[in-house]
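Visitor:
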Amino acid sequence: MAIDATRNSELNVRIVSRRSTGKMKRYLRPVIAVAVPLAIWQLAANMGWVNSFLFPAPWAIAKALWVQAGPHGNPPYAVLYSLLHSLWRICAGVGLALVFGTLIGLAIGLTGWGRAIFRPIISIILPVPTLAWTPVLLLVFGIDDRTTITVVFIAASLQIIYNVVAGIDTLNLRVFWVARSMGASRMQIFIKAIVPGIFPYLLTGLRLGVGFAWRALIAAEMLAASSFGLGLMISNAVEYLNMDIIFGGIILIALMGCFFEYVIFGWIEMKTVKRWGVQVER
Amino acid sequence: MAPILVVLLLWEWAVRAGLTGSHILPAPTAIVARGMALLSGADHHVLLVHTWRSLLRASAAFVLAVMVGVPLGFWLGRDERAYSWVRPWLALLLPLPAVAWTPIFLVTLGQGDVTIVAVCFLGAVFPVLISTIQGVRAIAPQNIWVVRSLGAGPLGVFLRVLIPASLPTLMAGFKLGFAHSWRTLVAAEMLAASSYGLGFMIFAAREYMDVRTMFVGIVLLAALGFAFEHLLFGSLEAVTVHRWYRRGQRR
Amino acid sequence: MKQSLISARRFGLAVAAGALMLGLSFTGTRAYAAEPTVRVGVQSVPTDAVFQGKDWQKPYGVQREITKFSSGGDMLQAFIAGRIDMANGGSARLVTLAARQPKLFYIIAVDQYGGDRYGVIVSKNSSITSVEQLKGKKIGVVKGSGCYATFVLYLKKHGMSEHDFQMVNMKVQDIRAAVQQGVVAAGVAWEPNVAIAETMGVAKRIASMKGISESPNFILVRRDFAKTHHKTLVDYLAGMIDMGNFVNHDPAKAGQLAAESVSRTGIKVDAKALGLALSRVHVGGPVTDDLIAELGPIAQSMKASHKISAIPDFKALINTSFYQQASKLAHSESGK
Numbered sequence: 002m003a004i005d006a007t008r009n010s011e012l013n014v015r016i017v018s019r020r021s022t023g024k025m026k027r028y029l030r031p032v033i034a035v036a037v038p039l040a041i042w043q044l045a046a047n048m049g050w051v052n053s054f055l056f057p058a059p060w061a062i063a064k065a066l067w068v069q070a071g072p073h074g075n076p077p078y079a080v081l082y083s084l085l086h087s088l089w090r091i092c093a094g095v096g097l098a099l100v101f102g103t104l105i106g107l108a109i110g111l112t113g114w115g116r117a118i119f120r121p122i123i124s125i126i127l128p129v130p131t132l133a134w135t136p137v138l139l140l141v142f143g144i145d146d147r148t149t150i151t152v153v154f155i156a157a158s159l160q161i162i163y164n165v166v167a168g169i170d171t172l173n174l175r176v177f178w179v180a181r182s183m184g185a186s187r188m189q190i191f192i193k194a195i196v197p198g199i200f201p202y203l204l205t206g207l208r209l210g211v212g213f214a215w216r217a218l219i220a221a222e223m224l225a226a227s228s229f230g231l232g233l234m235i236s237n238a239v240e241y242l243n244m245d246i247i248f249g250g251i252i253l254i255a256l257m258g259c260f261f262e263y264v265i266f267g268w269i270e271m272k273t274v275k276r277w278g279v280q281v282e283r
Numbered sequence: 030m031a032p033i034l035v036v037l038l039l040w041e042w043a044v045r046a047g048l049t050g051s052h053i054l055p056a057p058t059a060i061v062a063r064g065m066a067l068l069s070g071a072d073h074h075v076l077l078v079h080t081w082r083s084l085l086r087a088s089a090a091f092v093l094a095v096m097v098g099v100p101l102g103f104w105l106g107r108d109e110r111a112y113s114w115v116r117p118w119l120a121l122l123l124p125l126p127a128v129a130w131t132p133i134f135l136v137t138l139g140q141g142d143v144t145i146v147a148v149c150f151l152g153a154v155f156p157v158l159i160s161t162i163q164g165v166r167a168i169a170p171q172n173i174w175v176v177r178s179l180g181a182g183p184l185g186v187f188l189r190v191l192i193p194a195s196l197p198t199l200m201a202g203f204k205l206g207f208a209h210s211w212r213t214l215v216a217a218e219m220l221a222a223s224s225y226g227l228g229f230m231i232f233a234a235r236e237y238m239d240v241r242t243m244f245v246g247i248v249l250l251a252a253l254g255f256a257f258e259h260l261l262f263g264s265l266e267a268v269t270v271h272r273w274y275r276r277g278q279r280r
Numbered sequence: 035m036k037q038s039l040i041s042a043r044r045f046g047l048a049v050a051a052g053a054l055m056l057g058l059s060f061t062g063t064r065a066y067a068a069e070p071t072v073r074v075g076v077q078s079v080p081t082d083a084v085f086q087g088k089d090w091q092k093p094y095g096v097q098r099e100i101t102k103f104s105s106g107g108d109m110l111q112a113f114i115a116g117r118i119d120m121a122n123g124g125s126a127r128l129v130t131l132a133a134r135q136p137k138l139f140y141i142i143a144v145d146q147y148g149g150d151r152y153g154v155i156v157s158k159n160s161s162i163t164s165v166e167q168l169k170g171k172k173i174g175v176v177k178g179s180g181c182y183a184t185f186v187l188y189l190k191k192h193g194m195s196e197h198d199f200q201m202v203n204m205k206v207q208d209i210r211a212a213v214q215q216g217v218v219a220a221g222v223a224w225e226p227n228v229a230i231a232e233t234m235g236v237a238k239r240i241a242s243m244k245g246i247s248e249s250p251n252f253i254l255v256r257r258d259f260a261k262t263h264h265k266t267l268v269d270y271l272a273g274m275i276d277m278g279n280f281v282n283h284d285p286a287k288a289g290q291l292a293a294e295s296v297s298r299t300g301i302k303v304d305a306k307a308l309g310l311a312l313s314r315v316h317v318g319g320p321v322t323d324d325l326i327a328e329l330g331p332i333a334q335s336m337k338a339s340h341k342i343s344a345i346p347d348f349k350a351l352i353n354t355s356f357y358q359q360a361s362k363l364a365h366s367e368s369g370k
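Residue numbers (this note's numbering), protein chains in the order written: chain A, 2 to 283; chain B, 30 to 280; chain C, 35 to 370.
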């Protein structure tokens with residue numbers, strides 16, 4: 002039961018437009034596709050077709066979010082703080098994961114001892130729902146950012162390790178032989194051959210890792226967070242029956258997820274493709 | 030397996046030596062003992078009931094996801110115009126953790142199985158749907174022309190080109206879909222289960238500080254997730270993809 | 035190409051219909067009983083465990099359909115949506131409900147009350163013996179809960195304020211571990227969390243909120259249900275009165291019953307701990323002016339922080355007639 006068996010298990014799920022349609026269609030269609038259902042919802046709420054306490058109208062949701070994001074929120078600037086706390090947790094966790102995940106991935110891929118130690122442990126940990134860690138971490142760490150950051154770290158680092166190992170496995174070993182026979186040192190091989198070779202995989206791992214980590218973080222915050230966080234904002238709203246904040250929180254979470262996926266990673270990929278000719282595996 | 034054994038031994042030793050309280054981190058042997066007790070007749074095999082309910086929910090969600098995701102994926106994969114309308118919603122909903130839907134489903138569908146299955150369904154359907162779309166869109170139109178020119182009808186095209194050609198991505202999507210369904214289940218059961226299910230058991234055990242039972246649930250979740258990923262889908266992949274279509278595994 | 039598309043579409047429709055049927059079959063399993071049925075929401079708390087441990091309404095010919103919720107907010111949402119006829123609620127949540135949906139429900143009886151069910155715990159090895167000694171230290175609390183509001187009142191009464199401490203917000207289930215691990219110097223929690231931590235031998239209680247406020251939780255019923263099921267409600271409450279008498283009279287025995295009820299789901303909990311927890315709670319009783327009056331200050335502070343727009347008229351929500359009739363009917367025995 003090695004990692005090989007789970008190769009391919011994490012599919013690159015992203016929507017890529019293959020054919021470029023007209024500019025009008027490209028920008029207008031998404032707007033219409035999203036706006037029309039929202040308008041119907043607003044209408045249904047205004048006409049009293051649905052219980053507006055349980056299903057607040059989009060406009061009411063936007064207003065509630067705006068108030069909660071401002072100085073009259075309760076506590077003041079609550080939405081902003083929640084957002085920032087979630088972002089801080091995901092950055093800290095993913096940052097740690099990037100460092101340790103890459104190191105462990107390299108250890109597994111390049112060294113015999115690394116393979117022997119980490120491989121079995123990781124192939125056991127990988128299928129565990131990340132969220133199942135939360136109660137354990139809560140007991141061990143208690144309640145503060147350590148718990149949520151660790152959840153993010155676990156979720157993200159597994160993806161990174163997995164993809165780095167996959168990247169090393171696909172590197173053509175002949176490259177090393179050629180390099181060595183031409184008198185390259187181990188360090189040179191590492192920097193010139195291995196690093197560029199695994200870079201696209203690292204990027205894929207990072208992107209998938211952020212996606213997994215974001216989901217895990219929200220769930221963990223719903224169950225655990227001590228102060229702020231979008232997940233906690235939703236779970237508090239559940240406690241106090243603020244449906245507008247529940248919906249608003251979900252919308253914010255979706256938008257942030259989109260932001261990571263399309264804006265940040267879209268930008269990184271564009272830059273790296275241009276500069277190093279790195280094409281991320283899709 | 031040796032490193033795992035070492036970790037377990039260290040853990041056991043740490044608890045026995047008093048480095049960590051048994052009410053915080055119970056020893057592996059204590060967890061196993063509690064698990065055996067829950068399996069025994071004395072507790073009415075309650076662990077089996079919890080596990081069975083969880084499996085049922087996760088599988089129901091997965092089956093629904095396949096039944097909805099695959100046909101929809103085939104359609105959207107073939108119909109460019111429809112895809113362009115649906116795409117923005119997919120882009121918006123895909124990064125959204127399915128658990129976040131739980132509060133809304135609790136209001137619309139109520140506490141219990143329906144909500145849990147619906148949340149897990151949302152967790153599973155996107156990987157299935159998107160991998161199907163990707164699989165279908167990756168098929169070169171020439172393949173379809175060739176088969177059609179050989180006299181195949183629409184069904185023939187479907188069976189001989191669309192299905193086999195998209196199978197590797199489809200299987201990868203299934204695997205990922207089930208993994209997501211299983212992962213989402215824990216959280217959904219913690220928030221929405223009215224009775225039974227491993228997530229419910231963990232939640233209820235936490236409520237009454239029964240740490241050992243909590244760990245039994247977590248270990249079982251891990252073991253079952255491991256079993257699905259490696260044994261079930263591993264062999265399924267081996268049977269279908271590798272036999273029919275060797276391009277599936279990028280080696 | 036067009037044709038293949040259509041067949042795929044048809045196939046999709048057929049499959050979707052199948053999926054829908056499967057989904058419906060999940061929902062269609064509710065049993066319809068001949069006896070009048072009350073749909074009740076419960077949570078993972080000892081009093082609700084006692085409620086589930088015995089069919090208290092059976093002698094009065096009322097069926098119960100019990101739904102368990104993981105939080106009080108979820109329960110009240112289901113109550114608003116009409117999925118359950120009865121719920122329980124108190125403090126801020128009840129005020130929100132009263133402010134937003136005043137025509138929806140009646141307050142018909144008391145579920146439980148008593149300041150003693152809120153306690154301050156410290157680690158068993160701690161040298162701290164009073165709340166004063168905690169000044170400047172970290173305390174684990176659940177902000178926004180009735181428990182926390184009562185603790186703030188306690189501090190005020192003893193000449194302190196919440197700013198004298200570092201309040202760390204957490205979920206109540208995590209307070210015990212946080213205290214045990216030394217993440218916080220103390221924790222303020224409600225039962226059964228305090229009693230279980232004490233019985234486990236990992237924490238000790240240094241103060242309770244007894245005499246500060248009663249912090250009542252009320253039994254709520256939907257008005258549409260009350261209108262059509264008057265007698266059922268009276269019968270139901272009679273069972274609740276029996277249960278209250280049983281718990282208040284013999285908490286240890288009630289703890290036993292609660293622990294048995296909990297263990298049916300595979301959870302092991304010390305019956306002594308639940309007995310201790312129940313000894314600190316007063317279960318049931320009529321809605322009194324004193325208890326309702328406790329909602330006033332909560333509503334005022336919520337209005338001040340713009341959580342509600344106006345102070346609800348709680349008197350208009352009370353309907354004591356059900357309880358009065360039920361108390362004549364109840365067997366008033368300590369639960370055979």
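Quick reminder that beta carbons are idealized off the backbone N, C-alpha and C, glycines included. Source: prediction; values computed, not measured.
Quick one: give me the first and last residue of the alpha helix (DSSP H) that R314/C is part of.
Guide: From DSSP, R314/C is part of no alpha helix (DSSP H); its letter is neither H nor E.
Visitor: From N172/B to G106/B, what distance separates their C-alpha atoms?
Guide: Straight through space, the alpha carbons of G106/B and N172/B are spaced by roughly 15 Å.
Visitor: Taking a contact to mean a Cβ-Cβ separation below 8 Å, would you say V78/B touches Y225/B in this structure?
Guide: Contact flag set, yes.
Visitor: Do L121/B and A221/B have their beta-carbon atoms positioned less than 8 Å apart in this structure?
Guide: no
Visitor: Which value, in whole angstroms, describes the spacing of the CA atoms of A112/C and I118/C?
Guide: 6 Å
Visitor: Tell me the DSSP secondary structure of N159/C in three-state form.
Guide: coil
Visitor: How long is the line joining the alpha carbons of A62/B and H86/A, rounded to whole angstroms?
Guide: 40 Å
Visitor: Sorted by chain position, which residues of the same chain lie with C-beta nearer than 8 Å to P320/C's C-beta, five sequence neighbours on each side aside?
Guide: A143, V144, T354, Y357, Q358 and S361
Visitor: Tell me the rounded alpha-carbon separation between F255/B and G47/B.
Guide: Going from the Cα of F255/B to the Cα of G47/B covers about 31 Å.
Visitor: On the CB-based measure, 16 or more other CB atoms within 10 Å of its CB, does C181/C come out buried or exposed?
Guide: buried
Visitor: Quick one: which unbroken beta strand (DSSP E) runs of 3-plus residues sit fully inside the segment 214 to 256 of chain C? Chain order, please.
Guide: Runs of the beta strand (DSSP E) lying entirely within the segment 214 to 256 of chain C, each at least 3 residues long, are 220 to 224, 237 to 242 and 251 to 256 in chain order.
Visitor: Going along the chain, which residues of its own chain have a beta-carbon closer than 6 Å to the beta-carbon of F119/A, five neighbours each way excluded?
Guide: I105 and I109
Visitor: What in chain A is Cβ-close to I231/B, meaning under 9 Å?
Guide: A133 and P136
Visitor: For G106/C, collect the residues of the same chain with a Cβ closer than 7 Å to its Cβ; drop the 5 residues on either side in sequence, then sort them by chain order.
Guide: Q77, G123 and R127
Visitor: In or out: N159/C buried (at least 16 other Cβ within 10 Å) or exposed?
Guide: With a 10 Å radius around the Cβ and a threshold of 16 neighbouring Cβ atoms, N159/C comes out exposed.
Visitor: Can you list, in chain order, the residues of its chain whose CB lies under 6 Å from that of L99/A, leaving out five sequence neighbours each side?
Guide: none
Visitor: Could you have a look at K172/C and say whether DSSP puts it in helix, strand or coil?
Guide: Correct three-state label for K172/C: strand.
Visitor: Helix, strand or coil: which one does DSSP assign to K137/C?
Guide: coil
Visitor: Just mark M271/A as buried or exposed, buried being the case when its beta carbon has 16 or more other beta carbons within 10 Å.
Guide: exposed
Visitor: Note down, in chain order, all residues in the segment 60 to 87 of chain B with a beta-carbon under 7 Å from any beta-carbon belonging to chain C.
Guide: L67, D72, V75, L76 and H79
Visitor: Would you kindly report the start and end of the unbroken alpha helix (DSSP H) that includes R86/B?
Guide: V75 to R107
Visitor: Taking only the alpha-carbon atoms, compute the straight-line gap between A214/A and G115/A and give it to the nearest angstrom.
Guide: 25 Å
Visitor: Please report the distance separating the alpha-carbon of P136/C from that of V129/C.
Guide: Spanning the two alpha carbons is a distance of roughly 10 Å.
Visitor: Suppose only complete runs of 4+ residues qualify. What are the alpha helix (DSSP H) ranges in the segment 115 to 145 of chain A, listed by chain order?
Guide: DSSP runs (the alpha helix (DSSP H)) wholly in the segment 115 to 145 of chain A: 134 to 142.
Visitor: Can you grab the Cα-Cα spacing for the pair A344/C / E166/C, in whole Å?
Guide: 36 Å
Visitor: Residues bridged to A121/C by DSSP?
Guide: For A121/C, the pairing in a beta bridge is given by DSSP as L254/C.
Visitor: How long is the line joining the alpha carbons of V128/B and H192/C, rounded to whole angstroms?
Guide: The alpha-carbon of V128/B is positioned some 43 Å away from that of H192/C.
Visitor: Mind checking E218/B: buried by the 16 CB within 10 Å criterion, or exposed?
Guide: Under a 10 Å Cβ-count criterion, E218/B is classified as buried, with 16 or more other Cβ atoms of the shown protein chains found around its own Cβ.
Visitor: Report the residues of the segment 216 to 250 of chain C with a CB closer than 9 Å to any CB of chain B, ordered along the chain.
Guide: P226, N227, I230, A231, M234, G235 and V236
Visitor: Taking buried to mean at least 16 other C-beta atoms within 10 Å of its own C-beta, is P346/C buried or exposed?
Guide: buried
Visitor: Drop a sphere of 10 angstroms on the beta-carbon of A169/B, count the other beta-carbons inside from all chains shown, and report buried for 16 or more, exposed for fewer.
Guide: exposed
Visitor: Using a Cβ-Cβ cut-off of 6 Å (strictly less than) and excluding sequence neighbours within five positions of R256/C, which residues of its own chain qualify?
Guide: D119 and F139
Visitor: For N9/A and chain B, any beta-carbon pair shorter than 8 Å?
Guide: In this prediction, N9/A scores a pLDDT of 38, lower than 50, which makes its location untrustworthy; no coordinate-derived value is stated.
Visitor: Please name the residue in I269/A, E240/A and I219/A whose C-alpha comes closest to that of L253/A.
Guide: I219/A
Visitor: Please classify G164/B: is it buried, with 16 or more other beta-carbons within 10 angstroms of its beta-carbon, or exposed?
Guide: buried
Visitor: Around the Cβ of N47/A, are there at least 16 other Cβ atoms within 10 angstroms (buried) or fewer (exposed)?
Guide: exposed
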